[in-house]
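These notes concern the structure reproduced below.
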Amino acid sequence: MWCRERVLCLLSVLVLAGVVALSGCAKKPVVTSAGPAIVGPGATVTTTTPGAGGVSQGGEVAVVRPTPPTETPIGPRPSVSSSALPGATAGAGAGVGAGAGGMSPLKDVFFQYDRAIIEADQRAALDENVRWLMTNARVRIVVEGHCDERGTAEYNLGLGERRAKAVRDYLVTAGVAPSRISTISYGKERAFVPGHDESAWRQNRRAHFSVQGG
16 MWCRERVLCL
26 LSVLVLAGVV
36 ALSGCAKKPV
46 VTSAGPAIVG
56 PGATVTTTTP
66 GAGGVSQGGE
76 VAVVRPTPPT
86 ETPIGPRPSV
96 SSSALPGATA
106 GAGAGVGAGA
116 GGMSPLKDVF
126 FQYDRAIIEA
136 DQRAALDENV
146 RWLMTNARVR
156 IVVEGHCDER
166 GTAEYNLGLG
176 ERRAKAVRDY
186 LVTAGVAPSR
196 ISTISYGKER
206 AFVPGHDESA
216 WRQNRRAHFS
226 VQGG
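For reference, each letter of the sequence shown is one residue, going 16 to 229 in our numbering.
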């Protein structure tokens with residue numbers, strides 16, 4: 016009788032030990048939840064075994080880590096041509112402040128020997144000058160009268176003045192304000208082309224425009 020009870024007690028202890036062992040092996044791994052910001056096709060999943068600071072129940076923990084974003088190429092930077100910056104105008108201002116013989120955006124007018132009459136073949140140049148002056152309404156000009164080397168200095172000063180005034184009258188008649196135009200005569204003192212023949216003289220019988228600005 017005593018032997019039977021001892022056997023039953025031993026069996027009960029063995030069964031209880033087996034139940035405890037099975038319950039410890041059946042634990043499932045704990046999965047940490049990932050927020051909406053890291054879930055998607057760019058995320059990778061790895062598993063780690065917690066150490067002393069891990070989950071108290073034991074097992075593996077699934078960790079979701081996002082893949083770092085890559086930089087999207089946007090192509091080469093646009094170049095700005097120094098020519099798009101705001102105030103760059105081709106040809107504008109050329110000759111501003113130029114004196115006799117200096118550069119000017121306005122075309123010179125040439126005269127026949129000992130005359131101050133504007134010839135028909137010179138009117139096209141004057142008409143272009145009128146259009147430029149109308150576009151650049153704040154610009155003021157000086158019309159310079161010039162002569163070739165023949166004749167006295169006193170005579171050529173008077174002839175140069177008549178040439179300058181003839182050009183001024185043409186511009187005013189075409190619509191340019193008189194207050195924007197002044198005249199001066201240099202006579203034969205400031206030759207544009209050196210020489211003592213007709214090829215030089217015809218270049219020096221002229222009215223030249225000096226742009227003074229607005």
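The C-beta atom is built at its ideal place from N, Cα and C for all residues, glycine as well.
Take the alpha-carbon of A139 and the one of G228: they are about 24 Å apart. The Cβ-Cβ distance between A206 and L174 does not fall below 8 Å. Under the criterion of beta carbons closer than 8 Å, V124 and V182 qualify as touching, at roughly 6 Å. By the C-beta criterion, the segment 212 to 229 is judged to be in contact with the segment 161 to 168, since at least 3 inter-stretch pairs fall below 8 Å.
Closest option to A215, judged by alpha-carbon separation, among Q127, P120, R153 and D184: Q127. With contacts defined as CB atoms closer than 8 Å, G190 and V145 qualify as a contacting pair. In the DSSP annotation of this structure, the continuous segment of the beta strand (DSSP E) that includes E159 starts and ends at R155 to H161.
For Y170, the closest alpha carbon among the candidates D212, E134 and E204 is that of E204. Rounded to whole angstroms, the separation of the alpha carbons of Y185 and A192 is 11 Å. Taken through DSSP and simplified to helix, strand or coil, Q227 comes out as strand. The DSSP assignment places 155 to 161 as complete runs of the beta strand (DSSP E) inside the segment 117 to 190, in order along the chain (cut-off: 3 residues). Residue pairing by DSSP places A222 opposite V124 and G160 in a beta bridge.
Taking D142 as the centre and dropping the five residues before and after it, the same chain places the C-beta of A189 closer than 8 Å to its C-beta, in chain order.
The secondary-structure analysis by DSSP pairs G210 with nothing; it has no beta-bridge partner. Within 10 angstroms of the beta-carbon of T167 lie fewer than 16 other beta-carbons, which makes it exposed. In the DSSP assignment, S194 falls outside any beta strand (DSSP E) and carries neither an H nor an E. Nearest in C-alpha terms to S197, of all of R178, H211, P120 and S27, is R178. Cα atoms of E176 and V157: separation of roughly 12 Å, rounded to the nearest angstrom. Rounded to whole angstroms, V154 and P209 show a C-alpha spacing of 31 Å.
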